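Q: If you scroll down you'll find the structure; I have some questions about it.
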Amino acid sequence: MGAKYKFVLQTLPDLQDKGSCQCQLQLKVYPNLSPMKHAFTLLLLLIAIGSEAQSIRLWGAVLSANTGQPLPYVNIGIRNKNIGTASDGQGQFILSLPPAHAQDTVTFSAVGYQEQAVPVRELASIKPLEVRLQEKATSLQEVVVQPRQLKIRKLGVTGRLPVVWGNPDQREGRDIYEFANFIQVKDKPAKLLSAHFYLSSAKLDSAMFRINLYKSHNGLPGKRLVEQSIVQRLPATEGWVHVDLKALAIYVEEDFYLGIEYLPAAGADRMAIILGGKLGGSSYSRKASLGSWEKFVGASLSGYVTVLQ
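Per the numbering used here, residue 121 is the first one in the sequence shown, and the count goes up by one each step.
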């Protein structure tokens with residue numbers, strides 16, 4: 121019997137330089153593989169090593185240009201390319217890009233701050249990165265309320281069936297996925313009181329979530345409706361999750377989209393949280409920060425808002 125080999129590729133992080141990696145090639149002997157198969161397997165592994173070495177790895181921190189403080193949960197990515205991540209609670213981030221995106225531009229977007237777009241080739245030459253975002257000048261929202269008897273109403277999908285949302289493609293990645301529902305506002309203006317979504321499964325005691333409100337653009341979520349960050353750590357028990365919005369004094373005068381983001385801690389399972397849904401209607405999702413939105417017909421996210429109108 122001839123020798124049989126098994127090749128195993130292991131990628132190790134370089135602790136001295138987060139922008140690079142080291143690859144180890146382990147060789148195990150088995151007696152039945154032909155020399156041709158040995159050579160072909162080794163060639164595939166060498167190609168894999170070369171691809172890993174060519175990836176563009178960006179890492180650093182996002183800070184406020186005004187205060188110098190870290191900015192948590194900043195959306196970072198190549199717009200509409202489904203490649204992105206978010207900074208963690210301390211403003212730190214890591215973004216790995218395939219070589220094909222070397223000529224693209226990375227956008228840094230945070231609620232209440234001006235977006236910053238920087239070419240990948242410029243970012244790749246700096247390690248670690250320190251990205252500073254300027255605060256936006258905000259104006260008070262003027263709302264005219266017509267005299268009428270106000271009532272509390274629920275707008276959106278208030279029921280659920282055994283339909284679950286999740287994103288298996290991102291289980292091992294750093295991308296932040298997001299789901300959204302279209303909310304139709306019949307009587308305007310309406311004051312937002314709370315947002316609600318259903319957890320079908322949760323492997324954590326609590327988790328960080330972000331509530332996003334978007335204007336409608338060409339039948340999909342568009343720009344942010346309000347420049348207010350709605351990030352909260354919430355209990356992650358199965359059932360309806362409640363987010364109080366009364367203190368934010370948000371009034372809406374148009375139909376909008378309610379977006380839900382789960383913001384996992386570093387190293388956490390992206391599938392530790394699975395949202396609930398219901399058959400019928402439509403829902404919207406994107407696989408990465410600043411990624412392109414997709415519409416799904418036939419099921420909807422179990423999510424709604426309560427309003428005073």
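The C-beta atom is built at its ideal place from N, Cα and C for all residues, glycine as well.
None of the values given here were measured: they were computed from a predicted structure.
Let me make sure I understand the geometry here. Which of 227, 232 and 426 has the alpha-carbon closest to that of residue 238?
A: On the sequence shown, residue 238 is found 118 positions in, with the first residue counted as 1. Nearest option by C-alpha distance: 227.
Q: Please classify residue 425: does DSSP put it in a helix, a strand, or coil?
A: Taking the sequence shown and counting its residues from 1, the one referred to as residue 425 is at position 305. Strand, per DSSP.
Q: To the nearest angstrom, report how far apart residue 411 and residue 363 are at their CA atoms.
A: Here residue 411 is taken as the residue at index 291 of the sequence shown, counted from 1. Here residue 363 is taken as the residue at index 243 of the sequence shown, counted from 1. Taking the straight line joining both Cα atoms gives about 25 Å.
Q: With the cut-off set at 7 Å, would you say residue 373 and residue 308 are in Cβ contact?
A: Residue 373 sits at position 253 when you count from the first residue of the sequence shown. Residue 308 sits at position 188 when you count from the first residue of the sequence shown. Against a cut-off of 7 Å, the Cβ pair of residue 308 and residue 373 comes out as a contact.
Q: Are residue 300 and residue 327 touching if we call contact CB-CB under 7 Å?
A: Here the question's residue 300 lines up with position 180 in the sequence shown. Here the question's residue 327 lines up with position 207 in the sequence shown. Going by beta carbons, residue 300 and residue 327 fall outside the 7 Å limit.
Q: So which of 331, 223 and 370 has the shortest CA-CA distance to residue 361?
A: Counted from its first residue, the sequence shown places residue 361 at position 241. Ranking 331, 223 and 370 by Cα distance to residue 361 puts 331 first.
Q: Looking at C-beta atoms only, is the number of pairs between the region 182-191 and the region 394-409 that lie closer than 8 Å three or more?
A: no
Q: Could you name the residues of the same chain whose beta carbon sits closer than 7 Å to that of residue 250, not counting the 5 residues immediately before and after it, in chain order?
A: Working through the sequence shown from its first residue, we reach residue 250 at position 130. So the qualifying residues of the chain are 180, 181 and 183.
Q: Under 8 Å by Cβ, that's how I've got residue 409 and residue 196 pegged, so tell me the actual separation to the nearest angstrom.
A: Within the sequence shown, the letter at position 289 stands for residue 409. Within the sequence shown, the letter at position 76 stands for residue 196. Yes, they are in contact, since the Cβ atoms of residue 409 and residue 196 sit about 6 Å apart, within 8 Å.
Q: Can you list, in chain order, the residues of its chain whose CB lies under 6 Å from that of residue 252, leaving out five sequence neighbours each side?
A: Translated into the one-based positions of the sequence shown, residue 252 becomes position 132. Same-chain partners within the cutoff: 183 and 185.
Q: Going by beta carbon distance, what residues of the same chain come within less than 8 Å of residue 270, once the five residues before and after it are set aside?
A: Taking the first residue of the sequence shown as position 1, residue 270 is located at position 150. Same-chain partners within the cutoff: 428 and 429.
Q: For residue 256 and residue 282, what's the separation of their Cα atoms in angstroms?
A: Mapped onto the sequence shown, residue 256 falls at position 136. Mapped onto the sequence shown, residue 282 falls at position 162. Approximately 42 Å between the Cα atoms of the pair.
Q: From this set, 379, 213, 337 and 343, which residue's C-alpha is nearest residue 351's C-alpha?
A: Reading the sequence shown from its first residue, position 231 is the one you call residue 351. Comparing Cα positions, the closest option is 379.
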